[in-house]
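Take the sequence shown: its letters are residues 13 to 334, numbered as in the numbering used here.
Cβ atoms here follow ideal geometry from the backbone N, Cα and C, with glycine treated the same way.
Step one of this worksheet: look at the structure below.
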Amino acid sequence: MKPFQYATALSPAGARELAGEDGAYLAGGNDLLALMKEYLVEPRILVNIKSLPGLNRVKPGAKVWTLGAGVTVAELEDHEGVKKVFPGLQQAAAEVGSRQIRNVATLGGNLAQHSRCWYYRHRDILCLKRGGDTCYARHGENKYHSLFTGNTCISPVVSNLSVALTALEATVLVQRGDEQKRMTLKELYARAWDNPTAHNSLEPGDLILAVEIPVRGGSSAYLQASEKSAFDWALVSCAVAGRVKGGTITGARIVLGAVSPMPYEAAAANDSLEGKSLDAETAARAADLVLARAHAQAQNGYKIPIARALIQRSLLQLKAQS
Ligand SMILES: Cc1cc2nc3c(=O)[nH]c(=O)nc-3n(C[C@H](O)[C@H](O)[C@H](O)COP(=O)(O)OP(=O)(O)OC[C@H]3O[C@@H](n4cnc5c(N)ncnc54)[C@H](O)[C@@H]3O)c2cc1C
Ligand code: SF4
Numbered sequence: 013m014k015p016f017q018y019a020t021a022l023s024p025a026g027a028r029e030l031a032g033e034d035g036a037y038l039a040g041g042n043d044l045l046a047l048m049k050e051y052l053v054e055p056r057i058l059v060n061i062k063s064l065p066g067l068n069r070v071k072p073g074a075k076v077w078t079l080g081a082g083v084t085v086a087e088l089e090d091h092e093g094v095k096k097v098f099p100g101l102q103q104a105a106a107e108v109g110s111r112q113i114r115n116v117a118t119l120g121g122n123l124a125q126h127s128r129c130w131y132y133r134h135r136d137i138l139c140l141k142r143g144g145d146t147c148y149a150r151h152g153e154n155k156y157h158s159l160f161t162g163n164t165c166i167s168p169v170v171s172n173l174s175v176a177l178t179a180l181e182a183t184v185l186v187q188r189g190d191e192q193k194r195m196t197l198k199e200l201y202a203r204a205w206d207n208p209t210a211h212n213s214l215e216p217g218d219l220i221l222a223v224e225i226p227v228r229g230g231s232s233a234y235l236q237a238s239e240k241s242a243f244d245w246a247l248v249s250c251a252v253a254g255r256v257k258g259g260t261i262t263g264a265r266i267v268l269g270a271v272s273p274m275p276y277e278a279a280a281a282n283d284s285l286e287g288k289s290l291d292a293e294t295a296a297r298a299a300d301l302v303l304a305r306a307h308a309q310a311q312n313g314y315k316i317p318i319a320r321a322l323i324q325r326s327l328l329q330l331k332a333q334s
């Protein structure tokens with residue numbers, strides 16, 4: 013590991029100043045320290061943001077809930093209010109890694125974690141994402157990669173929370189320079205869709221302060237399929253949200269994870285459900301619409317039937333919960 017400085021920030025402005033353009037924010041350290049040990053990132057300074065005031069609070073509200081970026085994944089998993097109001101988010105949190113990881117991992121770090129592509133994570137391979145000129149996964153080992161992408165990199169977003177929060181239409185509050193900026197989840201990952209070197213749309217020094225979730229009076233659900241029953245990322249995940257009354261659904265959102273550089277949704281699928289009776293047939297039709305543009309690589313075609321099943325099951329779970 014390359015030598016680095018270490019400092020603890022006491023305010024967002026202080027954190028921003030300490031980090032400068034070539035520092036890194038240290039939250040739970042699950043991802044950052046692993047990247048540093050492999051020389052994949054070499055920050056001049058680590059700025060500890062765990063003690064920033066207010067960042068570790070869950071603030072319920074009648075219209076909006078505010079989750080501080082430093083709230084741990086385990087706190088989201090255990091929070092009775094989150095479980096009641098945003099069950100899909102609680103389910104997504106409960107599926108992250110293992111309990112030990114969830115105890116340490118934070119909301120902000122989960123959203124900002126880097127690609128898990130094994131070529132990207134190999135210290136001796138300079139792939140496109142690290143500034144090289146080749147995507148080795150395209151014609152190599154692409155079992156865990158994307159079905160949808162807007163650029164040459166086929167590494168998917170693996171943050172469980174990003175998928176659930178997209179379905180919930182959450183907004184991310186970011187400290188950028190002297191200003192606070194609100195970004196939709198779509199905006200938070202839009203750059204990764206277009207640009208092979210990006211993991212998200214954050215700029216150097218951007219600090220995620222909180223996530224705001226509007227209360228829309230409906231329900232939500234999250235399911236994932238993994239190779240191992242615990243301590244593993246999703247092969248495919250699916251979050252859904254919407255209001256179901258008397259079996260009829262309105263305001264549906266279906267979002268897939270681990271299949272695209274950003275949480276993936278298809279407006280046509282959401283629209284197809286509007287005002288419809290939610291049953292196996294309408295759920296299957298919506299799944300077909302979500303997957304209409306899926307493009308499998310040589311080794312990841314198996315993700316398509318898994319995604320189809322997860323979409324149908326999570327929609328029916330939403331109905332059962334309502
Ligand atoms: C074995 C294992 C299994 C895992 N399985 C899953 C899984 O199934 N699903 C899943 O979603 N995740 C999974 N994870 C990922 C884990 O949840 C993330 O590594 C973790 O959430 C990162 O959070 P952290 O707080 O440790 O972030 P850190 O490692 O401290 O930071 C990660 C990155 O985010 C940046 N960062 C942190 N906080 C902020 C902020 N507030 N503003 C801006 N940038 C910030 C850091 O600078 C760094 O670049 C797994 C990790 C491991 C090691
Ligand atoms: S998928 Fe992306 S991260 Fe993986 S080898 Fe290709 S360019 Fe690199």
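Of the other Cβ atoms in all chains shown, 16 or more fall within 10 Å of the Cβ of residue 168; this residue is therefore buried. Judged by DSSP secondary structure, residue 60 falls within the beta strand (DSSP E) whose first and last residues are 57-60.
For residue 187, the enclosing beta strand (DSSP E) stretches over residues 183-188. In this structure the stretch 181-194 lies against the stretch 206-224, because at least three pairs of beta carbons, one per stretch, are closer than 8 Å.
If you ignore the 5 residues before and after residue 132, its C-beta comes within less than 7 Å of the C-beta of 139, 141, 142, 167, all in its own chain and listed in chain order. Membership of residue 298 in the alpha helix (DSSP H) is indicated by the continuous run 292-302.
Distances between the C-beta of residue 42 and the heavy atoms of ligand 1 include at least one below 7 Å.
In this structure residue 151 is exposed. Its beta-carbon is surrounded by fewer than 16 other beta-carbon atoms within 10 angstroms.
Distance between residue 121 and residue 323, taken at the CA atoms: about 27 Å. Counting only residues of its own chain and dropping the five nearest sequence neighbours on each side, residue 98 has a CB closer than 8 Å to the CB of 77, 176, 180, 225, 232.
Inside the stretch 60-96, DSSP marks whole beta strand (DSSP E) runs of 3 or more residues at positions 76-80, from first to last along the chain. In this structure, residue 159 keeps its C-beta atom at 8 Å or more from the C-beta atom of residue 280. DSSP places residue 262 within a strand segment (E or B) once states are collapsed to three. Residue 292 sits exposed, since fewer than 16 C-beta atoms from the chains shown fall within 10 Å of its C-beta. Looking only at 145, 104, 114, 156, the smallest Cα-Cα distance to residue 127 is reached by 156. Nearest neighbour of residue 162 by Cα position, chosen from 153, 208, 37, turns out to be 208. In the structure shown, residue 231 adopts extended strand secondary structure according to DSSP, grouped into three states. Here the stretch 37-49 makes contact with the stretch 108-123; the two share three or more CB pairs at distances below 8 Å. With distances taken between CA atoms, residue 201 lies nearest to 171 out of 189, 171, 191. Distances taken from the Cβ of residue 37 to the heavy atoms of ligand 1 include one shorter than 7 Å.
A check of alpha carbon separations from residue 130 across 148, 144, 123, 124 identifies 148 as the nearest. Excluding the 5 residues flanking it on each side, residue 301 has same chain C-beta neighbours closer than 6 Å at 278, 280, 281, 284, in chain order.
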